[in-house]
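Colleague: When the letters of the sequence shown are read in order and numbered with this note's numbering, they come out as residues 323 to 568.
Just so you know, even glycine gets a beta-carbon here, dropped at the ideal spot from N, CA and C.
Keep in mind it's a predicted model, so treat the numbers as computed, not measured.
Take a look at this one; I'll ask things after.
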Amino acid sequence: MKNLRYLVLSMGLAAGIIVLCMLGLQVVPAGGAFRRILLLLGGDVLGGGFVQGLTYLAFFWAWFETQDKLQAVYRERRAFTMGLIPTHEKHVFLPGDVTNLKFKLQELARKEHFKLLDLLKKACMKFRSADSLGELIDIVSVQVDIYQDKAEGEQSVIRYLAWVIPSLGFIGTVIGIALALQIANSGDMERITTALAVAFDTTLVALVLSVILMWRVHELQEDSDRLHSDMKEFVIENFINKIELD
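Below, the structure is given as structure tokens:
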């Protein structure tokens, strides 16, 4: 449902930019720099501006998806400040404490949904079956890897759209060059120049938007990786390493 909402919103924003550029072309005098900018942004829809429109659609959709995933990462970080377990250095967990903690976390998990909470709960549940604390650390590491794989899987739409944006630019380049070659024999330099402008404009817009988007995508990847590594470190340092076996 969220994806559909982001798609509809992105379509509205992309259409809005194109319409504004088209209206601007109606009032801006020919030959001006501002008119050239409007054409660059896709104001001439029939002349190739539809490619820029599709590029805007992909960009905004990917941006909203990325922002949504970043907000999810920020929300997950709230769990570190909830006091799920004691974190002072001298605290020790006895086997009985682990059992009590498990029940406490299971009760809390009915109200709150955080990866860190789920990881601690699973660590408590696996404590009795693990032969050693080293094995328990391995179990926690595997579980964190599962969380990370799922997070990367949820970003598949973003990665696809990030690939689509420059691809649309290259498609516009092919269209513009093909149009220029088609009318080359006519000797009409104005039409040839216009066709070549389509080739360069679509590529320029796509590459600029791709650079902006990839900065955000890499920020998401970095924050997501740091979240999962911090989760593993938190559980190992503040829980597993403080368990005192009988």
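Go through its chain and collect everything with a Cβ distance to Thr409's Cβ below 8 Å, but skip five positions before and after it.
Modeller: Numbered from 1 along the sequence shown, position 87 holds the residue referred to as residue 409. Within the same chain, Thr409 has close Cβ partners Asn560.
Colleague: Do Ala380 and Ile487 have their CB atoms nearer than 7 Å?
Modeller: Counting from one through the sequence shown, the residue named residue 380 turns up at place 58. Counting from one through the sequence shown, the residue named residue 487 turns up at place 165. Yes, the Cβ-Cβ distance between Ala380 and Ile487 is below 7 Å.
Colleague: Given this structure, state the Cα-to-Cα distance separating Gly338 from Leu331, to the nearest angstrom.
Modeller: For the purposes of this step, residue 338 is identified with residue 16 of the sequence shown, where counting begins at 1. For the purposes of this step, residue 331 is identified with residue 9 of the sequence shown, where counting begins at 1. About 10 Å.
Colleague: Report yes or no: do three or more beta-carbon pairs, one from the stretch 493 to 507 and one from the stretch 456 to 476, lie closer than 8 Å?
Modeller: With the cut-off at 8 Å, the stretch 493 to 507 and the stretch 456 to 476 do not touch.
Colleague: On the criterion of 16 or more Cβ atoms from any shown chain inside 10 Å, does Ala355 qualify as buried, or is it exposed?
Modeller: Within the sequence shown, numbered from 1, the residue matching residue 355 stands at position 33. Burial call: exposed.
Colleague: Reducing DSSP to helix, strand and coil, say where Ile565 ends up.
Modeller: What you label residue 565 is simply residue 243 of the sequence shown in a count that begins at 1. Looking at Ile565 - three-state DSSP - the assignment turns out to be strand.
Colleague: Kindly indicate the opening and closing residues of the alpha helix (DSSP H) around Thr421.
Modeller: Start at 1 with the first residue of the sequence shown, and residue 421 comes out as number 99. Taken as a continuous stretch (DSSP letters only), the alpha helix (DSSP H) holding Thr421 covers Pro417 to Ala431.
Colleague: I'd like to know if the stretch 384 to 392 and the stretch 473 to 490 are in contact, where contact means that at least 3 CB-CB pairs between them fall below 8 Å.
Modeller: yes
Colleague: So, using beta-carbon positions, are Leu575 and Leu442 closer together than 7 Å?
Modeller: Only positions 323 to 568 of the chain appear in the structure, and residue 575 is not among them; the question remains open.
Colleague: Going by the C-beta, is Glu411 closer than 6 Å to any heavy atom of the ligand FMN?
Modeller: Of the ligands one can find in the structure shown there are none, so the ligand FMN has no counterpart to examine.
Colleague: How long is the line joining the alpha carbons of Val539 and Leu567, rounded to whole angstroms?
Modeller: Position 217 of the sequence shown, counted from the first residue, corresponds to residue 539. Position 245 of the sequence shown, counted from the first residue, corresponds to residue 567. Each residue's Cα considered, the two are about 44 Å apart.
Colleague: With DSSP as the reference, label Asp366 as helix, strand or coil.
Modeller: Numbered from its first residue, the sequence shown carries residue 366 at position 44. DSSP places Asp366 in coil when its eight states are reduced to three.
Colleague: On the DSSP letters alone, give me the boundaries of the alpha helix (DSSP H) that Ser551 sits inside.
Modeller: Counting from one through the sequence shown, the residue named residue 551 turns up at place 229. Residues Met511 to Asn560.
Colleague: Whose C-beta lies closer than 7 Å to the C-beta of Val420 among residues of the same chain, with five residues either side of it excluded?
Modeller: For the purposes of this step, residue 420 is taken as residue 98 along the sequence shown, with counting starting at 1. Excluding residues within five positions, the ones whose Cβ falls inside 7 Å are Cys446, Phe449 and Ile565.
Colleague: Whole angstroms is fine: what's the gap from Leu362's alpha carbon to Leu329's?
Modeller: Counting from 1 along the sequence shown, the entry for residue 362 is found at position 40. Counting from 1 along the sequence shown, the entry for residue 329 is found at position 7. Approximately 24 Å between the Cα atoms of the pair.
Colleague: For Asp453, which of helix, strand or coil comes out of DSSP?
Modeller: Walking along the sequence shown from the start, residue 453 turns up at place 131. Asp453: coil per DSSP, three-state reduction.
Colleague: Quick check on Ala352: does DSSP put it in helix, strand or coil?
Modeller: Looking up residue 352 in the sequence shown gives position 30. Note: Ala352 maps to coil in three-state DSSP.
Colleague: Leaving out the 5 sequence neighbours to the left and right, which residues in its chain are closer than 7 Å to Met344 when beta-carbon positions are compared?
Modeller: The sequence position of residue 344 within the sequence shown is 22, counting from 1. The answer, listed in chain order, is Gly365 and Val367.
Colleague: Helix, strand or coil: how does DSSP classify Thr495 here?
Modeller: One-based indexing of the sequence shown puts residue 495 at position 173. Correct three-state label for Thr495: helix.
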